[in-house]
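**Student:** Remember, the numbering used here sits 78 above the position in the sequence shown when you count from 1.
A virtual CB, placed ideally from N, CA and C, is assigned to each residue, including glycine.
Quick one: this structure, given as structure tokens, is what I'll be asking you about.
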Amino acid sequence: MSNLNFKVLNWDFFSPNMNKEYILNNLNENINITYGDAIPDLDFISIAQRRRFSQITKYVFESVKNLIKENEQIPIFFVSKYGEINRQYNMSKKIVTEHETSPAVFSYSVFNTAIAQLTIFYKNNARAIAITCYDNFLDTIILQATSFLNNSSDYYKALLIIADEKLPESYEEISKDKNYSFAFSFIISADKNESDINIKIIDGEEKKDENSIIDFIKFISLEDRTNLKLGKIELNKIK
79 MSNLNFKVLN WDFFSPNMNK EYILNNLNEN INITYGDAIP DLDFISIAQR RRFSQITKYV
139 FESVKNLIKE NEQIPIFFVS KYGEINRQYN MSKKIVTEHE TSPAVFSYSV FNTAIAQLTI
199 FYKNNARAIA ITCYDNFLDT IILQATSFLN NSSDYYKALL IIADEKLPES YEEISKDKNY
259 SFAFSFIISA DKNESDINIK IIDGEEKKDE NSIIDFIKFI SLEDRTNLKL GKIELNKIK
């Protein structure tokens with residue numbers, strides 16, 4: 079066992095064919111994230127602002143809207159495989175074909191656009207970290223966030239986000255990956271007095287994909303799930 083412990087305070091999930099309510103109603107079923115490209119309404123954001131948002135940024139906002147409030151100072155940890163892949167592809171294509179691109183297009187194409195927009199919209203001045211990760215998303219983000227909180231005297235909780243969007247068609251043709259469009263957000267606390275999950279580092283070889291998120295949700299939601307092995311970590315509920 080390690081001395082890294084945490085508790086999930088709240089969570090939300092959005093994909094075109096699945097949300098939090100659907101998952102909770104099917105906890106005992108074998109459910110997986112599926113492909114889709116529907117866009118959330120985001121009525122709480124002005125039309126002018128959300129018009130500039132990419133698919134992944136809209137998904138991220140939808141998944142955190144019930145978790146945080148304006149002016150809430152909470153560190154954010156963001157993990158994605160591809161980030162703003164569509165914006166990056168379109169910008170690169172324009173450079174190749176037209177030999178130019180606009181600063182506005184570039185500013186919304188960087189990897190951390192989604193959490194940058196979050197911090198601006200919610201007036202959150204706490205630390206925001208963006209990490210690119212090809213697999214074992216949960217391992218990476220949980221270890222990063224709990225390690226930070228255990229060494230911080232200013233914060234005891236953090237917002238964790240895992241998200242991706244549909245690949246451009248040209249990339250889909252050469253990609254071996256299944257293409258998921260989703261955003262999963264959850265708030266954890268590292269307060270020693272309320273932590274109920276222990277992290278154990280394991281020497282695992284298995285690489286977990288996005289669907290390990292569903293296993294994680296089942297683990298934190300069902301009382302009889304006391305153990306969960308991910309790629310490089312094992313989670314155990316503290317009795």
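What are the start and end residues of each continuous alpha helix (DSSP H) run of 4 or more residues lying completely inside the stretch 106-138, in chain order?
**Tutor:** 125-128
**Student:** What whole-angstrom Cβ distance do K315 and T304 have, given they're in contact under 8 Å?
**Tutor:** 5 Å
**Student:** Determine the closest residue to F226 out of A206, D274, V188 and F215, with distance taken between C-alpha atoms.
**Tutor:** A206
**Student:** Measuring straight from C-alpha to C-alpha, what distance separates F155 and E288?
**Tutor:** 16 Å
**Student:** So, for N203: in the same chain, excluding its five sequence neighbours on each side, which residues have a beta-carbon less than 8 Å away from its beta-carbon?
**Tutor:** Q151 and T197
**Student:** Quick check: what's the CA-CA separation for F199 versus N190?
**Tutor:** Going from the Cα of F199 to the Cα of N190 covers about 14 Å.
**Student:** Is D255 near the ligand ATP, going by C-beta to nearest heavy atom under 7 Å?
**Tutor:** Of ligands this structure carries none, so the ligand ATP is not represented either.
**Student:** If we ignore side chains and look at the alpha-carbon of each, how far apart do M79 and W89 end up?
**Tutor:** Model confidence at M79 stands at a pLDDT of 49, short of 50, so the residue's coordinates are unreliable; what they give is reported in the following sentence. Cα-Cα distance, rounded: 25 Å.
**Student:** Which same chain residues end up closer than 7 Å to E208 when comparing Cβ atoms and leaving out the 5 residues on each side of it in sequence?
**Tutor:** Per the sequence shown, the amino acid found at residue 208 is Ala instead of Glu. Closer than 7 Å at Cβ, skipping near neighbours: F156, F189, N190 and I193.
**Student:** Comparing alpha-carbon positions, which option in D217, I266 and E272 lies nearest A236?
**Tutor:** I266
**Student:** Per the DSSP calculation, S267 is bridged to which residue(s)?
**Tutor:** K85 and K235
**Student:** So who's on the other strand from N257, going by DSSP bridges?
**Tutor:** For N257, which the question treats as bridged, DSSP gives no partner whatsoever.
**Student:** Which stretch, first to last residue, makes up the beta strand (DSSP E) that contains E312?
**Tutor:** I311 to K315 is the span of the beta strand (DSSP E), which, as asked, contains E312.
**Student:** Assuming D255 contacts S158 (C-beta within less than 8 Å), just tell me the rounded distance between them.
**Tutor:** About 13 Å; that fails the 8 Å criterion.
**Student:** Below 8 Å on the Cβ atoms is my guess for V142 versus S263; work out the distance and round it to an integer in Å.
**Tutor:** 5 Å
**Student:** DSSP three-state label for D287, please.
**Tutor:** coil
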